[in-house]
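Working notes for the structure below.
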Amino acid sequence: MIKKAIFPVGGLGTRFLPATKALPKEMLPVVDKPLIQYAIEEAAAAGIEEFIFVTGRNKTAIEDHFDHSFELEKTLLAKDKTSALDAVRRMIHAPGSVAYVRQQEPAGLGHAVWCARNLVHDEPVAILLADDLILGKSCMAEMVAAYQGGNLIAVMNVPKSDTGSYGIITPGKDDGQLIEVAGLIEKPDPEDAPSTLGVVGRYIIEPGVFSQLDRQERGASNEVQLTDALAHQIGKVPFHGLRFSGERFDCGSKIGFLQANIAIAMTRDDLAAPLAKWVKGRMLSGQVE
Ligand code: UTP
Numbered sequence: 001m002i003k004k005a006i007f008p009v010g011g012l013g014t015r016f017l018p019a020t021k022a023l024p025k026e027m028l029p030v031v032d033k034p035l036i037q038y039a040i041e042e043a044a045a046a047g048i049e050e051f052i053f054v055t056g057r058n059k060t061a062i063e064d065h066f067d068h069s070f071e072l073e074k075t076l077l078a079k080d081k082t083s084a085l086d087a088v089r090r091m092i093h094a095p096g097s098v099a100y101v102r103q104q105e106p107a108g109l110g111h112a113v114w115c116a117r118n119l120v121h122d123e124p125v126a127i128l129l130a131d132d133l134i135l136g137k138s139c140m141a142e143m144v145a146a147y148q149g150g151n152l153i154a155v156m157n158v159p160k161s162d163t164g165s166y167g168i169i170t171p172g173k174d175d176g177q178l179i180e181v182a183g184l185i186e187k188p189d190p191e192d193a194p195s196t197l198g199v200v201g202r203y204i205i206e207p208g209v210f211s212q213l214d215r216q217e218r219g220a221s222n223e224v225q226l227t228d229a230l231a232h233q234i235g236k237v238p239f240h241g242l243r244f245s246g247e248r249f250d251c252g253s254k255i256g257f258l259q260a261n262i263a264i265a266m267t268r269d270d271l272a273a274p275l276a277k278w279v280k281g282r283m284l285s286g287q288v289e
């Protein structure tokens with residue numbers, strides 16, 4: 001079914017400067033794993049076998065992360081640090097299953113996806129944005145299970161005041177999990193938003209979206225917007241939004257990134273109790289309201 005996924009990692013990550021000056025945003029660790037690894041694991045849980053990264057300059061750390069580190073592995077082996085060695089080796093995928101393509105300029109998410117066009121043939125493909133971290137059941141696995149052709153996006157209810165940060169859909173028929181997408185606009189002001197159903201960074205797109213991206217039309221922020229290309233396909237192919245079951249964190253923002261760190265730490269046996277104790281202590285001491 002859906003065997004390929006695109007991971008656009010060509011953005012500049014300006015909201016995390018100076019951390020992201022030389023380090024890709026997607027390599028920022030949430031507890032002890034980089035953001036991109038959560039996305040790869042989510043995709044693998046959905047049955048994805050080919051991983052296509054759309055990278056940019058300063059992103060070589062991502063390539064190194066998913067490759068062998070000979071010296072590190074040899075040292076861990078010599079010191080009998082088996083669990084650390086396992087953690088390092090677990091992320092190595094089958095030879096030939098990971099591909100990299102360079103986006104020479106950060107001209108938008110649509111442009112990044114378009115850069116992968118020659119690696120995707122006449123088939124639907126998944127797209128995962130690593131800065132949307134989703135805990136719980138693999139969101140992409142839920143999407144693959146629900147996919148019936150056409151285009152499918154993950155959606156969630158967002159606060160009305162935040163519609164300007166999301167693609168927002170005009171909902172059609174709604175069966176509680178799958179919602180027909182009758183319209184889609186990028187980052188509307190709350191008073192212009194057709195609903196509060198916002199698009200989260202998970203997509204399954206059909207080949208027609210690439211044909212639309214071929215036109216390289218610039219939209220909001222003078223970037224080639226994936227949302228615009230998807231909106232163009234409305235009425236031509238089926239288009240649905242899926243309410244996923246997991247909890248999503250916007251790790252492209254500082255508050256979302258901090259929340260994700262705390263939420264994941266609270267699931268770890270070695271961290272939950274000492275972290276909760278420390279946070280409680282802070283609140284009681286009046287440093288946090
Ligand atoms: P964002 O809108 O979060 O932009 O991109 P950004 O550059 O990463 O971060 P800020 O806003 O400057 O802090 C959403 C996703 O699209 C990718 C990003 O890597 C991220 O996964 N993207 C964005 C590209 O791959 N190329 C682009 O030209 C733009």
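The working numbering numbers the first residue of the sequence shown as 1 and each following residue consecutively.
Don't be surprised by glycine CBs; every beta carbon is placed ideally from N, CA and C.
Q. Is residue 254 helix, strand or coil when you go by DSSP?
A. Of the three classes helix, strand and coil, the one that applies to residue 254 here is helix, per DSSP.
Q) How would you write the range of the beta strand (DSSP E) that residue 19 sits in, first residue to last? A) No beta strand (DSSP E) contains residue 19, which DSSP labels as neither H nor E.
Q.
Can you tell me whether residue 189 is helix, strand or coil according to DSSP?
A. Three-state DSSP puts residue 189 in coil, outside helix and strand.
**Q.** Distance, residue 115 Cα to residue 223 Cα
**A.** So the two alpha carbons sit approximately 14 Å from each other.
(Q) Using a Cβ-Cβ cutoff of less than 8 Å, which residues in the same chain neighbour residue 177 once the five nearest sequence positions on both sides are dropped? (A) Within the same chain, residue 177 has close Cβ partners 146, 242 and 243.
Q: Return the CA-CA distance between residue 64 and residue 274, expressed in angstroms with no decimal places.
A: Whole-angstrom Cα-Cα distance: 33 Å.
Q) Going by beta carbon distance, what residues of the same chain come within less than 7 Å of residue 141, once the five residues before and after it are set aside? A) If we look at residue 141 and ignore the five residues flanking it on each side, its Cβ neighbours are 45 and 46.
Q. CA-CA distance, residue 92 and residue 155?
A. Straight across, the Cα-Cα distance linking residue 92 with residue 155 is about 31 Å.
Q) Near residue 61, which residues of its chain fall below 7 Å by C-beta distance, leaving aside the five closest residues on each side in sequence? A) The beta carbon of residue 61 sits closer than 7 Å to those of 23, 24 and 27, all from its chain and outside the five residues before and after it, given in chain order.
(Q) So within the segment 130–177, which uninterrupted alpha helix (DSSP H) runs reach at least 4 residues, ignoring any that extend past its ends? (A) Assignment of alpha helix (DSSP H) within the segment 130–177, counting only whole runs of 4 or more residues, yields 139–146 in chain order.
Q.
So, at 8 Å on beta carbons, what are the nonlocal neighbours of residue 143 in its own chain, with the 5 sequence-adjacent residues on each side left out?
A. By the criterion of a C-beta distance shorter than 8 Å, residue 143 is surrounded in its chain by 46, 126, 152, 154, 202, 204, 242 and 244, once the five residues flanking it on both sides are discounted.
Q. How would you write the range of the alpha helix (DSSP H) that residue 70 sits in, first residue to last?
A. 70–78 is the extent of the alpha helix (DSSP H) around residue 70.
**Q.** residue 284 versus residue 256 - alpha carbon distance
**A.** If I take the Cα positions, the gap works out to 24 Å.
Q. Exposed or buried, what is residue 4 when buried is set at 16 or more other beta-carbons lying within 10 Å of its beta-carbon?
A. Per the 10 Å Cβ criterion, buried.
Q. If you measure from the CB of residue 228, is any heavy atom of the ligand UTP nearer than 8 Å?
A. False, no ligand heavy atom lies under 8 Å from that Cβ.
Q. Any chance the CB of residue 65 is under 8 Å from a heavy atom of the ligand UTP?
A. No, since every heavy atom of the ligand UTP falls outside the 8 Å radius drawn around the Cβ of residue 65.
(Q) Short of 7 Å in beta carbon distance, which residues of its chain neighbour residue 11, apart from the five on each side in sequence? Order them along the chain. (A) Within the same chain, residue 11 has close Cβ partners 25 and 106.
Q. Quick one: what's residue 56 bridged to in DSSP?
A. Checking the DSSP bridge columns, you'll see residue 56 has no partner listed.
Q.
Tell me the DSSP secondary structure of residue 43 in three-state form.
A. Residue 43: helix per DSSP, three-state reduction.
Q: Report the three-state DSSP secondary structure of residue 110 (helix, strand or coil).
A: In this structure, residue 110 counts as helix in the three-state DSSP scheme.
Q. Looking at C-beta atoms only, is the number of pairs between the segment 47–61 and the segment 95–104 that lie closer than 8 Å three or more?
A. Yes, the segment 47–61 is in contact with the segment 95–104.
(Q) So if DSSP puts residue 240 in a beta bridge, which residue, or which two residues, is it bridged to? (A) Residue 240 pairs with 152 and 180.
Q.
One question on the structure: do residue 31 and residue 264 come within less than 9 Å of each other, judged by their Cβ atoms?
A. Taking a C-beta distance under 9 Å as the contact criterion, residue 31 and residue 264 qualify as a contact pair.
Q. What distance in whole Å lies between the Cβ atoms of residue 94 and residue 9, which are believed to be in contact at a cut-off of 8 Å?
A. Contact annotation, residue 9 with residue 94: C-beta distance approximately 21 Å; criterion of less than 8 Å not satisfied.
Q. What separation, rounded to the nearest whole angstrom, lies between the Cα atoms of residue 121 and residue 286?
A. When rounded, the distance between both Cα atoms is 58 Å.
Q: State buried or exposed for residue 279, treating a residue as buried only when at least 16 other CB atoms are found within 10 Å of its CB.
A: Of the residues assessed, residue 279 falls on the exposed side of the cut-off, its CB having fewer than 16 other CB atoms within 10 angstroms.
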